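Novice: Quick one: the structure is below, questions incoming.
Protein chains: 2
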Amino acid sequence: MPKNLKAILFDVFGTVVDWRSSIAREVEAVPQLSQVDGELFADRWRSKYQPAMERIRSGSRPWVKLDDLHYENLNEVLVDFGVDELDEAIKQHLNRAWHRLSPWADSVEGLRRLKTIYIIATLSNGNVALIVNMARNAELPWDMVLGAEVVGHYKPQPESYLKSAAMLGLEPGQCMLVAAHNSDLIAAAKCGYKTAFVPRPTEYGPNQTADLEPTAQYTVVARDFIDLAAQLGC
Amino acid sequence: MPKNLKAILFDVFGTVVDWRSSIAREVEAVPQLSQVDGELFADRWRSKYQPAMERIRSGSRPWVKLDDLHYENLNEVLVDFGVDELDEAIKQHLNRAWHRLSPWADSVEGLRRLKTIYIIATLSNGNVALIVNMARNAELPWDMVLGAEVVGHYKPQPESYLKSAAMLGLEPGQCMLVAAHNSDLIAAAKCGYKTAFVPRPTEYGPNQTADLEPTAQYTVVARDFIDLAAQLGC
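As they're listed, the protein sequences go chains A and B. The first sequence: position 125 = 124 (our numbering), numbered continuously. The second sequence: position 75 = 74 (our numbering), numbered continuously.
Below, the structure written as structure tokens:
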């Protein structure tokens, strides 16, 4: 087991929850969007996620929380899909679908086991309300919600990893990031974090090509959260 | 029941946990402090809490987290009690007694019930590590740790209440502060919060004179957290 490990921090979108299926299901449940392919819609919406944050990371735009970026992006996607008019209440409901994402089958049980020994916290770009509401809806038993909004920096900026560790009163080396994304883990490792890669090979659907395998050396590689818990002695 | 109530935020020291008995017990368990009256020591340590924060609230000192203020204050109290030398490791252990405070008998059960309907979060001047470690130790089932360190302001500064509500994506009127202290509740009410007074008549020991009764109009007055849960429909 890794030495001095005190806290396990988790990427959330894709790693803990299955955003693509959840968003597709919610889109297809909206009567006014019955002509829309939910998975295509989800993919298009998610494709605008990194560029929106990048404008903030680069300093060309002041801090905006993810709920608001999601809303701006939703309006663009609706135009892309030829949906000219949608009631504001429906748009708000759809935007909050990100607060209702479903966990992967192993997530809750794995987190419960890990929590018996380690502090478990989110280190997500999702804002606090989004992550708190998701946790209550999906029964994710976080000790703490850390990440972008709490520290004021979007991943993979180093401050997001370093300030999250500091808020737990820990050195980076006492923290482990769990993610299904190599880029996130590599950024965390550069900050001194321990790392765990858990592949989520259908996060982007059946034709996913990226992040199927670890592309660097990590502290742990696990099949899922239950395997991760077992490897970490829980 | 109060309309539009979504989240219940809690003062922690004194309201959720019994700092005086817990600190006294920990002080008396240190062999080098066997000559010290634990309750007097706890009272003296706590008496330096508000003045230390006041220097930060007034702007005469930049942000310092509570763990560090506690440590500075501990050094002063040791001098006051004539303890000239104490190993650094023992001082660090003693300072972290604040991370191990015991809850009042009704706290855990009341919080569990309230959590079934409402978001429950801390709104404490304790730093994140302190509150997270206390929660794990005492099984306090918070959805979120908010308050001073997350928002960068010590209560009763209005920012501490307003930014905590905003992080939950809520208006102040959708939040309720629960506290055993009239001054905290009055400050929260000024920010638009709903309020609940729960007396803790032995927080300051058997001779307590302050905060035995509500001194203003609050949304709810409850005997303890179980009564509060019942009054709020849980």
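Glycine included, every Cβ here is placed at the ideal spot set by N, Cα and C. Treat the numbers as computed from the prediction; the structure is a model and nothing was measured.
Given a threshold of 16 other Cβ atoms within 10 Å of its Cβ, counted over all protein chains shown, does A:Ser57 qualify as buried or as exposed?
Specialist: Here residue 57 of chain A refers to the residue found at position 58 of the first sequence. Exposed, by the Cβ-count rule.
Novice: Curious, which full-length beta strand (DSSP E) runs of at least 3 residues does the region 139-164 of chain A contain?
Specialist: Here the runs fully enclosed are 143-146.
Novice: May I ask you to report which of helix, strand or coil DSSP gives A:Met175?
Specialist: Locating residue 175 of chain A in the first sequence gives position 176, counting from the first residue. Reduced to three states, the DSSP call for A:Met175 is strand.
Novice: Any idea if B:Thr214 is buried or exposed, counting beta-carbon neighbours within 10 angstroms, 16 or more meaning buried?
Specialist: As a position in the second sequence, residue 214 of chain B is number 215, starting the count at 1. Classification of B:Thr214: exposed, given that the 10 Å Cβ count is below 16.
Novice: Interface residues of chain B around A:Arg19 at Cβ under 7 Å?
Specialist: If you number the first sequence from 1, residue 19 of chain A lands on position 20. Near A:Arg19 there are no residues of chain B at all, since even the closest Cβ is about 24 Å away, more than 7 Å.
Novice: B:Ile225 and B:Glu138: beta carbons closer than 7 Å?
Specialist: By 1-based counting over the second sequence, the position of residue 225 of chain B is 226. By 1-based counting over the second sequence, the position of residue 138 of chain B is 139. No.
Novice: Compile a chain-ordered list of the residues in the region 146-157 of chain B whose CB is closer than 7 Å to at least one CB of chain A.
Specialist: Correct list: Glu148, Val149.
Novice: Have a look at A:Thr115 and B:Leu4 and give me their C-alpha separation to the nearest angstrom.
Specialist: On the first sequence, position 116 is the one that residue 115 of chain A refers to. On the second sequence, position 5 is the one that residue 4 of chain B refers to. In a straight line, the C-alpha of A:Thr115 is about 32 Å away from that of B:Leu4.
Novice: If you compare alpha carbons, which of A:Asp17, A:Ala23, A:Gly232, A:Ile119 is closest to A:Cys174?
Specialist: Position 175 of the first sequence, counted from the start, is the residue given in the question as residue 174 of chain A. Looking at the Cα atoms, A:Ile119 is the closest of the given residues.
Novice: Should B:Gly13 and B:Ala23 be called a contact, given that it needs their Cβ atoms to be closer than 7 Å?
Specialist: The residue labelled residue 13 of chain B in the question sits at position 14 within the second sequence. The residue labelled residue 23 of chain B in the question sits at position 24 within the second sequence. The answer is no: Cβ separation not under 7 Å.
Novice: List, in order along the chain, the chain A residues whose C-beta lies closer than 8 Å to that of B:Ala137?
Specialist: Taking the second sequence and counting its residues from 1, the one referred to as residue 137 of chain B is at position 138. Those do not exist, as B:Ala137 stays about 12 Å from chain A at its closest Cβ, beyond 8 Å.
Novice: Grab me the residues of B:Glu158's own chain with a C-beta within less than 7 Å of its C-beta, minus the 5 sequence neighbours each way, in chain order.
Specialist: Against the second sequence, residue 158 of chain B aligns to sequence position 159. Here the set comprises Val150, His152.
Novice: Give the single residue among B:Gln31, B:Gln91, B:Trp103, B:Leu8 whose Cα lies nearest to the Cα of B:Ala187.
Specialist: Position 188 of the second sequence holds residue 187 of chain B. It is B:Leu8 whose Cα lies nearest to the Cα of B:Ala187.
Novice: Assign B:Leu231 to one of three DSSP states: helix, strand, or coil.
Specialist: Numbered from its first residue, the second sequence carries residue 231 of chain B at position 232. In the structure shown, B:Leu231 sits in coil (DSSP, three-state: anything other than H, G, I, E or B).
Novice: Would you mind stating whether A:Tyr192 and A:Leu169 have Cβ atoms separated by less than 7 Å?
Specialist: For this step, residue 192 of chain A is matched to residue 193 along the first sequence. For this step, residue 169 of chain A is matched to residue 170 along the first sequence. Cβ distance not < 7 Å, so A:Tyr192 and A:Leu169 don't count as in contact.
Novice: Who are the Cβ neighbours of A:Ser163 in its own chain at under 8 Å, not counting the five residues just before and after it?
Specialist: Your numbering for residue 163 of chain A matches position 164 in the first sequence. Closer than 8 Å at the Cβ level, and outside the excluded window around A:Ser163, lie Leu8, Ala120, Leu122, Leu145, Gly146, Val149, Val150, Cys174.
Novice: Can you give me, in chain order, the residues of the region 114-140 of chain A that have a beta carbon less than 7 Å from any beta carbon in chain B?
Specialist: Under the 7 Å Cβ criterion, the region 114-140 of chain A contributes Ile118, Val127, Ala128, Val131, Ala134, Arg135.
Novice: Specify the secondary structure class of A:Leu73 as computed by DSSP and reduced to three states.
Specialist: As a working note, residue 73 of chain A is residue 74 in the first sequence. The answer is helix: DSSP assigns A:Leu73 an H, G or I state.
Novice: If you reduce the DSSP assignment to three classes, tell me which class A:Lys189 lands in.
Specialist: Here the question's residue 189 of chain A lines up with position 190 in the first sequence. Helix, per DSSP.
Novice: Taking all protein chains shown into account, do 16 or more other C-beta atoms lie within 10 angstroms of the C-beta of B:Arg0, making it buried, or fewer, making it exposed?
Specialist: Taking the first residue of the second sequence as position 1, residue 0 of chain B is located at position 1. Checking the displayed sequence, the identity of residue 0 of chain B turns out to be Met instead of Arg. Exposed is the call here.
Novice: Look at the Cβ atom of A:Asp10, then the Cβ atom of A:Asp183, and state whether they are nearer than 7 Å.
Specialist: Start at 1 with the first residue of the first sequence, and residue 10 of chain A comes out as number 11. Start at 1 with the first residue of the first sequence, and residue 183 of chain A comes out as number 184. Yes.
Novice: Could you name the residues of chain B that A:Met143 contacts, counting a contact when the two beta carbons are closer than 7 Å?
Specialist: Sequence index remark: in the first sequence, residue 143 of chain A carries index 144 (1-based). The answer, in chain order, is Val127, Val131, Val144.
Novice: Can you name the start and end residues of the beta strand (DSSP E) that B:Leu39 belongs to?
Specialist: Counting from 1 along the second sequence, the entry for residue 39 of chain B is found at position 40. First-last for B:Leu39: 37-46, but that is the alpha helix (DSSP H), not the beta strand (DSSP E).
Novice: Mind reading off the beta-carbon distance from A:Leu65 to A:Asn126? Whole number of angstroms is fine, and I expect it under 8 Å.
Specialist: Position 66 of the first sequence, counted from the first residue, corresponds to residue 65 of chain A. Position 127 of the first sequence, counted from the first residue, corresponds to residue 126 of chain A. That pair is a contact at about 5 Å.
Novice: Name the chain B residues whose beta carbon is nearer than 7 Å to that of A:Leu167?
Specialist: In the first sequence, counting from the first residue as 1, residue 167 of chain A sits at position 168. Here the neighbours are Val127, Ala128, Val131.
Novice: Report back the beta-carbon spacing between A:Met143 and A:Leu100 to the nearest angstrom; my notes put them in contact at under 8 Å.
Specialist: In the first sequence, the residue the question calls residue 143 of chain A occupies position 144. In the first sequence, the residue the question calls residue 100 of chain A occupies position 101. At roughly 19 Å, the Cβ-Cβ gap does not stay under 8 Å, so A:Met143 and A:Leu100 are not in contact.
Novice: Tell me whether the beta-carbon of B:Lys90 lies closer than 7 Å to the beta-carbon of B:Asn72.
Specialist: Along the second sequence, read from residue 1 onward, the residue named residue 90 of chain B stands at position 91. Along the second sequence, read from residue 1 onward, the residue named residue 72 of chain B stands at position 73. Their beta carbons are not under 7 Å apart, which means B:Lys90 does not touch B:Asn72 by this criterion.
Novice: In chain order, what residues of the same chain have a beta carbon less than 6 Å from the beta carbon of B:Glu25, not counting five sequence neighbours either side?
Specialist: Locating residue 25 of chain B in the second sequence gives position 26, where the first residue counts as 1. Result list for B:Glu25: Ala96, in chain order.
Novice: Among A:Ile55, A:Arg19, A:Asp79, whose alpha-carbon lies nearest the alpha-carbon of A:Asn124?
Specialist: One-based indexing of the first sequence puts residue 124 of chain A at position 125. Checked all of A:Ile55, A:Arg19, A:Asp79; the closest Cα to A:Asn124 is A:Ile55.
Novice: Would you tell me roughly how many angstroms separate the C-alpha atoms of A:Leu32 and A:Asn206, rounded to the nearest one?
Specialist: In the first sequence, the residue the question calls residue 32 of chain A occupies position 33. In the first sequence, the residue the question calls residue 206 of chain A occupies position 207. The alpha-carbon atoms of A:Leu32 and A:Asn206 are separated by roughly 24 Å.
Novice: So, is B:Asn74 buried or exposed, given that buried needs 16 or more other C-beta atoms within 10 angstroms?
Specialist: Locating residue 74 of chain B in the second sequence gives position 75, counting from the first residue. Under this definition B:Asn74 is an exposed residue.
Novice: Tell me, please, which residues DSSP counts as bridged to B:Pro200.
Specialist: For the purposes of this step, residue 200 of chain B is identified with residue 201 of the second sequence, where counting begins at 1. The partner list for B:Pro200 (beta bridge, DSSP) is empty, contrary to what the question assumes.
Novice: Alpha carbon to alpha carbon, how far is A:Leu129 from A:Ala41? Give it in angstroms, no decimals.
Specialist: The residue you call residue 41 of chain A lines up with position 42 of the first sequence. The residue you call residue 129 of chain A lines up with position 130 of the first sequence. About 17 Å.
Novice: Under three-state DSSP, which class holds A:Phe224?
Specialist: Counted from its first residue, the first sequence places residue 224 of chain A at position 225. In the structure shown, A:Phe224 sits in a helix (DSSP, three-state: H, G or I).
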